[in-house]
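In the numbering used here, the protein residues as written are 490 to 967.
Glycine is no exception: its CB is placed at the ideal position from the N, C-alpha and C atoms.
All figures in this text were calculated on a predicted structure; none of them were measured in a lab.
Taking it in order: structure first as structure tokens, then the write-up.
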Ligand code: NAI
Ligand code: MG
């Protein structure tokens, strides 16, 4: 019998969201030259939270010029001084964790328990980790002298707004670069709080510049001649556009794009534990996760019992108010994303897969999609091939380990994978053969700043996190 839960809403009265935000350039908030603004809404209520500026070419130029102007002094600072600034940023994120978590949840729709326990602590940890490298760069790459590149242009998505900011900003600063960052159009608010944190940390003006806007603003950041290195996380489609845009410019590029990860469960796996890992793998953050375990590969002999347990577990997921501390699945980030999920789910039904959704009441306002599971999925169907980026799991089966590898790798993507088995040798065997940047063993969606993350094939190239995450931001001189 499912438990009844009384509402446990997180307070929002400690948070002040300004009705309007300007661009953060040269250490100050400045009015956009464009004079244009656009709203950012709370996807759980459709209420407008604030209006942010839309940066045009002149604005991006101003930001890139500020970053270029700040570079000589910033890169010449003694490394221990730079480290101190980065440590300061991490401590301020910790200090303001509650505020950041609430704003992240309001702006993006993710459950407060995730923004509070995952996004914000991991963002702080990322800054701490790279602050640690800042004064040890000399020893990071033996016999090589790492030198910063200059201005980094960074474009990030809406699924982990503050965390993706941390993944981009922390290594860039630690290595001595300055930057222009463009947050996603539906989730700009924690980046605006971060701008405030930069002021609070007394970061030298121009080291961090934040310009809001849509894809066009992103393209301007990427294309600006002062930018020496581009880091992008987002759709494979835009990643390809950027790669074309940058061809021949000599700019450095890292791309972290989509995924269609296989989560492989063998017949000797601890089933209850695997069910939790499967749920975490695909319903975490409404499935808006590039490394989501969206294809479940189950060994044929355990399909019956596993699906029974999984369906039962789906029935206990609490969908609704993201600010409620009990909520497991929050709001879909935007009407566009909801449309995309609906379209792909429809295609799954039309292509003959069997749809399962637990009974659940969705709120009337806002953008919602229930936890969804498809069985009888053909490898050729769209729901087995395309990134849905929603709470939708496609279940496929296999008989032998070889078949599992074959099916897991049968995708244009290669970001992540999961293996569930009791046998250590099988974990190693599988992880050697699966073409994925990260392979989780008997767990899923686990992140640590010391561990590099990135893709194969159409999931992109370059690594973020760990020592490897410094490489895109340095030149290695002899
Ligand atoms: P998107 O790739 O358009 O957006 C990501 C970021 O890129 C945003 O900040 C956006 O403003 C910016 N952008 C858009 N066009 C650009 C351009 N030409 N040059 C430079 N920057 C540009 O992704 P979108 O449209 O929000 O989502 C579409 C699909 O992409 C999702 O359904 C999902 O499948 C996938 N996606 C994957 C992500 C990941 O983490 N791998 C993150 C976001 C989306
Ligand atoms: Mg929003």
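Cβ-heavy atom distance, residue i to the ligand NAI, below 7 Å
i, result
"residue 971", "Not covered by the structure: residue 971. The range shown for the chain is 490 to 967."
"residue 947", "no"
"residue 654", "no"
"residue 642", "no"
"residue 711", "yes"
"residue 648", "yes"
"residue 969", "For residue 969 there is no data in the structure shown, the boundaries of the chain being 490 and 967."
"residue 942", "no"
"residue 687", "no"
"residue 716", "no"
"residue 746", "yes"
"residue 878", "yes"
"residue 645", "yes"
"residue 704", "yes"
"residue 829", "yes"
"residue 707", "yes"
"residue 779", "yes"
"residue 826", "yes"
Interface flag, residue i vs chain D, CB-CB below 8 Å
i, result
"residue 753", "Judged by its chain identifiers, the structure shown contains no chain D, having just a single protein chain."
The alpha helix (DSSP H) enclosing residue i, as first and last residue numbers
i, result
"residue 916", "913-922"
"residue 890", "890-897"
"residue 560", "546-565"
"residue 927", "First-last for residue 927: 927-930, but that is the beta strand (DSSP E), not the alpha helix (DSSP H)."
"residue 526", "Taken as a continuous stretch (DSSP letters only), residue 526 belongs to no alpha helix (DSSP H), being part of the beta strand (DSSP E) at 526-531."
"residue 520", "Segment: none, residue 520 is in no alpha helix (DSSP H) and carries neither H nor E."
Closest residue to residue i among the options (Cα-Cα distance)
i, options, result
"residue 685", "505, 495, 721", "505"
"residue 963", "810, 742, 871, 749", "742"
"residue 904", "745, 816, 930", "745"
"residue 924", "957, 806, 819, 752", "752"
"residue 615", "948, 630, 941, 946", "941"
"residue 495", "879, 862, 816", "816"
"residue 786", "720, 911, 694, 867", "867"
"residue 489", "644, 697, 658", "Given that the chain is displayed from residue 490 to residue 967, the structure contains no residue 489 and the question cannot be resolved."
"residue 678", "596, 657, 733", "596"
"residue 864", "856, 857, 873", "873"
"residue 683", "514, 578, 842, 898", "578"
"residue 876", "842, 830, 841", "830"
"residue 765", "776, 883, 854, 799", "799"
"residue 663", "950, 649, 563", "563"
"residue 602", "517, 499, 882", "499"
"residue 518", "698, 881, 549", "698"
"residue 710", "508, 554, 561", "554"
"residue 780", "803, 790, 750", "750"
"residue 879", "957, 774, 910", "774"
"residue 542", "559, 675, 568", "675"
CB-CB length for residue i against residue j, believed under 8 Å
i, j, result
"residue 954", "residue 938", "6 Å"
"residue 544", "residue 701", "6 Å"
"residue 809", "residue 859", "Actually they are not in contact, since the Cβ atoms of residue 809 and residue 859 sit about 11 Å apart, beyond 8 Å."
"residue 608", "residue 651", "6 Å"
"residue 970", "residue 639", "Here the chain covers residues 490 to 967 and nothing more, so residue 970 does not appear."
"residue 592", "residue 620", "Contact flag wrong, Cβ pair sits at about 23 Å."
"residue 612", "residue 655", "4 Å"
"residue 870", "residue 828", "That pair is no contact at about 19 Å."
"residue 439", "residue 747", "The displayed coordinates of the chain run from 490 to 967. Any statement about residue 439 would go beyond what the structure contains."
"residue 910", "residue 758", "5 Å"
heavy atom of the ligand MG below 7 Å from residue i C-beta
i, result
"residue 676", "yes"
"residue 855", "no"
"residue 532", "yes"
"residue 739", "no"
"residue 596", "yes"
"residue 932", "no"
"residue 529", "yes"
Boundaries of the beta strand (DSSP E) in which residue i is found, first to last residue
i, result
"residue 906", "905-909"
"residue 496", "From DSSP, residue 496 is part of no beta strand (DSSP E); its letter is neither H nor E."
"residue 935", "Premise fails: residue 935 is in no beta strand (DSSP E) and is neither H nor E."
"residue 863", "861-864"
"residue 568", "Taken as a continuous stretch (DSSP letters only), residue 568 belongs to no beta strand (DSSP E), being part of the alpha helix (DSSP H) at 568-584."
"residue 514", "512-514"
"residue 542", "536-542"
"residue 871", "It is not in any beta strand (DSSP E) - residue 871 instead sits in the alpha helix (DSSP H) that spans 871-874."
"residue 858", "Run containing residue 858: none; DSSP gives neither H nor E here."
"residue 744", "741-745"
"residue 754", "751-754"
"residue 878", "Where residue 878 is concerned, there is no enclosing beta strand (DSSP E), given that its DSSP letter is neither H nor E."
Near the ligand NAP: residue i beta-carbon under 7 Å from a heavy atom
i, result
"residue 731", "Only the ligand NAI and the ligand MG can be found as ligands here, which leaves the ligand NAP out of the picture."
Enumerate, from N- to C-terminal direction, the unbroken alpha helix (DSSP H) stretches of 4 or more residues contained entirely within the region 596-649.
609-623, 626-629
Enumerated in chain order, which unbroken segments of the beta strand (DSSP E) with a length of 3 residues or greater are wholly contained in the region 647-734?
667-671, 697-699, 716-722
Considering only residues of the region 773-847, which uninterrupted alpha helix (DSSP H) runs meet the minimum length of 4 residues and lie entirely inside it, listed in chain order?
792-803, 824-839
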